[in-house]
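Asker: Numbered according to the numbering used here, the sequence shown spans residues 5 to 482.
We put the CB at the ideal spot given by N, CA and C, even for glycine.
Structure provided below as structure tokens; questions to follow.
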Amino acid sequence: MRPDPVRPRPAAAGVSRARTVLRRAFAPWRPGTLRGRLSLVALTTATLLMVILTVAFNTVVRRHLQHQADDELRTRGTAVAATVDTSGPRPRVLETPGEELLDANVWIYAGGRLLEKPPSAMARGPLTRAADALAARGLTRCVTAGGHDPVRLCARQVPGDGTGATVVTALDLSPYLGSADTLLFASLALDAFMLACTYALTRLAVGRALRPVRTMTDQATRWSAVASEERFGSIARPDELARLGGSLDALLDRIRALLRHERQLTQELSHELRNPLARIIAELDWWQSRPRSAEETRITQEAISDAARSMRTICDTLLDDARDDASASPGTTEVVPVLRRLADRAVPTRPEVEIGVTGPEAGLIAGVPDALLERIVSPLLDNAVRHASTRVEIRACAAPGSVRVEVGDDGEGVPASFTAQLFQPGRRADPGDGHGGAGLGLPLARRLARSAGGEVHHEEARDQGAVFVVGLPSWSAG
């Protein structure tokens, strides 16, 4: 039996849906810029801190005001207790100057019996009942009574032996609570002002801090569009911006290298496709110059077809090499037949120039595909045909662990002052010699040979002409 598919647990699915709903709900309020997000984070943090500080501050203030009220009640209780005479068998209240001030909101008890109460207090009113309950406990303590208009009451034992006299004083807390509320509203207003200032200053500070990043981004965009050589590393910056500049410099270097590689590939393709195109144009011009027989038309079509296949091979070879696939596409080829095919295709610039190929017809096998061998030798052959006086010689032979191909001509040779620049792209010994070369063939031949594990170099110390030597890995059936 096939096991049942695993289904997500309902709880996990519910949490996921809740997160999705919250994310969508807050999406319109989420800033889209880094400046806005940092400012929102700073505002949220400051808000939490302000709330905590405000709650703590107002709690401390309310406790302090309550302690002040309790201290005042205890002071009044002590003063009233001094007017109670406990020397007789029963406590009695002495008459003293200013008694009307001391009697305000004061209850005096003896053995649980009410001796005196404030004139404004009812005998069974809520405050009197609260004072009775407080005096009945016989302790020195304070309580808060009342709802909308709270009143603080404190009880104090009158000094004396076994008298049981207690004084209860009361104080209206409305002024104290009003002061606490005023402080609360003032602190909330101050919090709002501070949060507004925090948000504004954070946006300003973050904007100023990110201004160099925005400037560097704009510069990198401009420099990458034109492959500029300017870089950020030459300017002293803070460590964070210096690291960003280093990353942007590396990215610009890679972009410039890619653009240079793309330009080089375009130039090499145009350079290599020029000869097959010239051959096609020549065959068409020759075929259109006068009426041709069916056999001549067939020969022309074969020549054009061969040139077109050569162009396709050129494109495939160069594109594979551009994708670093040349070394990943191993192959073998008979060297001499490929060289003869190249010699047959070559078009000398002068009729008197002859092309000869020497080497073993069989057994000389290179460890590269035939298309790659063609693309390596073809620029050397074109260069030799262009500069030869009467003869171009292609020689192939075996060397220890490799195959050696020499392409030589009997022309004027390479000037000694130019040998160091032979394989640099776009360099020519004499740009005004009338030849159409672009200085890309020799660098292309060397690059392709190296991609296959070989090498191309110029053979110096020759009495006449120039000789270029190709070394490629050999292949043996054993």
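Starting from S382 and walking both ways along the alpha helix (DSSP H), at which residues does that stretch end?
Answerer: D374 to H391 is the extent of the alpha helix (DSSP H) around S382.
Asker: Indicate whether A46 and T202 have their beta-carbon atoms separated by less than 8 Å.
Answerer: The answer is yes: Cβ separation under 8 Å.
Asker: Taking L47 as part of the alpha helix (DSSP H), name the residues at either end of that continuous run.
Answerer: Taken as a continuous stretch (DSSP letters only), the alpha helix (DSSP H) holding L47 covers L38 to A85.
Asker: Between the Cα of R349 and the Cα atoms of R283, A453 and P404, which residue gives the shortest distance?
Answerer: Checked all of R283, A453 and P404; the closest Cα to R349 is R283.
Asker: I want to know whether the stretch 355-365 touches the stretch 390-401 - three or more CB-CB distances under 8 Å.
Answerer: Yes, the stretch 355-365 is in contact with the stretch 390-401.
Asker: In this structure, what does DSSP give as the bridge partners for S406?
Answerer: According to DSSP, S406 bridges with A403 and P477.
Asker: Pull the bridge partners of T173 from the DSSP assignment, please.
Answerer: According to DSSP, T173 bridges with V110 and C158.
Asker: Determine, using beta carbons only, whether V339 and A370 come nearer to each other than 8 Å.
Answerer: Their beta carbons are under 8 Å apart, which means V339 touches A370 by this criterion.
Asker: Evaluate contact between the stretch 48-66 and the stretch 142-161, counting only Cβ atoms and requiring at least three cross-stretch pairs below 8 Å.
Answerer: No: fewer than three Cβ pairs fall under 8 Å.
Asker: With distances taken from CA atoms, which of E365, A159 and L385 is nearest E410?
Answerer: Among E365, A159 and L385, the Cα nearest to that of E410 is on L385.
Asker: Three or more beta-carbon pairs under 8 Å between the stretch 40-54 and the stretch 152-172, yes or no?
Answerer: Segments in contact, no.
Asker: So, at 8 Å on beta carbons, what are the nonlocal neighbours of M220 in its own chain, with the 5 sequence-adjacent residues on each side left out?
Answerer: So the qualifying residues of the chain are F236, L245, L248, G249 and L252.
Asker: With a CB to CB cut of under 7 Å and the five nearest residues on each side skipped, what residues in its chain are close to E306?
Answerer: The answer is none, since no qualifying residue turns up.
Asker: Measure from the alpha carbon of Y180 to the alpha carbon of each residue in H68, I308, V97 and M54, then state which is nearest.
Answerer: Here the closest residue by C-alpha is H68.
Asker: Cβ atoms of L255 and L38: under 8 Å apart, would you say?
Answerer: Against a cut-off of 8 Å, the Cβ pair of L255 and L38 comes out as no contact.
Asker: State the DSSP-derived secondary structure class of D253, mapped to helix, strand or coil.
Answerer: Here D253 sits in helix by DSSP.
Asker: Identify the continuous alpha helix (DSSP H) that holds L561 and give its terminal residues.
Answerer: As displayed, the chain neither begins before 5 nor continues past 482, which places residue 561 out of reach and without an answer.
Asker: From A366 to G475, what distance separates their C-alpha atoms?
Answerer: Roughly 18 Å between the two C-alpha positions.
Asker: Have a look at R241, G457 and A149 and flag the residue whose alpha-carbon is nearest the alpha-carbon of A174.
Answerer: If we check each option's Cα against that of A174, A149 comes out closest.
Asker: F197 by DSSP, collapsed to three states: which one?
Answerer: Helix.
Asker: For L199, which residues from the same chain have a beta carbon less than 7 Å from its beta carbon, with the 5 sequence-adjacent residues on both sides left out?
Answerer: Cβ within range, chain order: L47, A50, T51 and M54.
Asker: For E306, does the three-state DSSP call read helix, strand or coil?
Answerer: In the structure shown, E306 sits in a helix (DSSP, three-state: H, G or I).
Asker: Find the nearest neighbour of S178 within the set A224, A73, D414 and I56, judged by alpha-carbon distance.
Answerer: Answer by Cα proximity: A73.
Asker: By alpha-carbon positions, which one of A224, P35, S406 and A392 ends up nearest to A354?
Answerer: Sequence inspection shows Arg at residue 354; the Ala mentioned does not correspond to that position. Ranking the options by Cα distance to R354, first place goes to A392.
Asker: How close, in whole Å, do the beta carbons of V171 and V110 come, if the pair is a contact with beta carbons under 8 Å?
Answerer: The Cβ separation is near 7 Å, so the contact holds.
Asker: Taking all protein chains shown into account, decide if F197 is buried (16 or more other Cβ within 10 angstroms of its Cβ) or exposed.
Answerer: With fewer than 16 Cβ atoms within 10 Å of its Cβ, F197 is classed as exposed.
Asker: Drop a sphere of 10 angstroms on the beta-carbon of T206, count the other beta-carbons inside from all chains shown, and report buried for 16 or more, exposed for fewer.
Answerer: Per the 10 Å Cβ criterion, buried.
Asker: Using C-beta distances below 6 Å, list every residue in its chain close to Q468, excluding the 5 sequence neighbours before and after it, in chain order.
Answerer: Closer than 6 Å at Cβ, skipping near neighbours: D414.
Asker: So, under 8 Å CB-CB, L288 and R379 are touching, yes? Tell me the CB distance rounded to an integer number of Å.
Answerer: About 25 Å; that fails the 8 Å criterion.
Asker: Does the Cβ of R337 have 16 or more other Cβ atoms within 10 Å, making it buried, or fewer, making it exposed?
Answerer: The sequence shown places Thr at residue 337, rather than the Arg named in the question. When all chains shown are included, T337 counts as buried.
Asker: In the DSSP assignment, what residue or residues form a beta bridge with F4?
Answerer: Look at the range of the chain in this structure, 5 to 482, and you will see that residue 4 is not part of it.
Asker: When the distance is taken between beta carbons, is V407 closer than 8 Å to V357?
Answerer: No, Cβ-Cβ distance for V357 and V407 is not below 8 Å.
Asker: Please identify the residue among D153, L446, R78 and A231 whose C-alpha is closest to the C-alpha of I258.
Answerer: The question names Ile, but residue 258 in the sequence shown is Arg. Cα-wise, what sits closest to R258 is A231.
Asker: Helix, strand or coil: which one does DSSP assign to D89?
Answerer: Strand at D89.
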